[in-house]
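Student:
In our numbering, the protein residues as written are 10 to 130.
Given below as structure tokens:
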């Protein structure tokens with residue numbers, strides 16, 4: 010899940026620059042509606058693992074910031090996390106690759122420019 014609109018201009022565009030690769034790889038991206046910002050940091054993998062923590066998925070968080078993530082294994086914890094995800098999904102809209110490829114040239118340009126600075130943000 011990502012917020013439909015980021016609360017940080019540069020970070021939002023840097024993040025968005027990876028959506029095409031993620032979508033082409035089979036990752037499903039759900040956009041949480043405006044005006045809210047969803048800042049949850051968790052995900053589930055199949056029915057076996059759940060990950061939750063403070064870390065953003067970027068090189069700065071992995072290398073410079075003091076962050077932590079916990080991997081939890083087992084169908085019970087995954088089911089609990091999926092219940093939370095289902096609540097988010099109920100009001101979110103799934104982003105498709107076709108929709109993403111149709112965004113404006115200006116947005117594509119900004120995404121790529123700010124991707125260059127993603128390690129600095």
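Note that the Cβ used here is the ideal one computed from N, Cα and C, for glycine as well.
In this text, all values refer to a predicted model and were calculated from it rather than measured experimentally.
Please state if the CB of residue 22 and the CB of residue 123 are separated by a distance shorter than 9 Å.
Tutor: Yes, the Cβ-Cβ distance between residue 123 and residue 22 is below 9 Å.
Student: Counting along the chain, where does the alpha helix (DSSP H) carrying residue 36 start and finish?
Tutor: Unbroken run through residue 36: none, as it is neither H nor E.
Student: Where do the N-terminal and C-terminal ends of the beta strand (DSSP E) with residue 61 fall, by residue?
Tutor: It spans 58-62 - the beta strand (DSSP E) in which residue 61 sits, taken as one unbroken run.
Student: Across which residues does DSSP place residue 102 in a beta bridge pair?
Tutor: 40, per the DSSP bridge assignment.
Student: Here's the rule I'm using: 16 or more other beta-carbon atoms within 10 Å means buried, otherwise exposed. How should residue 75 be labelled?
Tutor: Per the 10 Å Cβ criterion, exposed.
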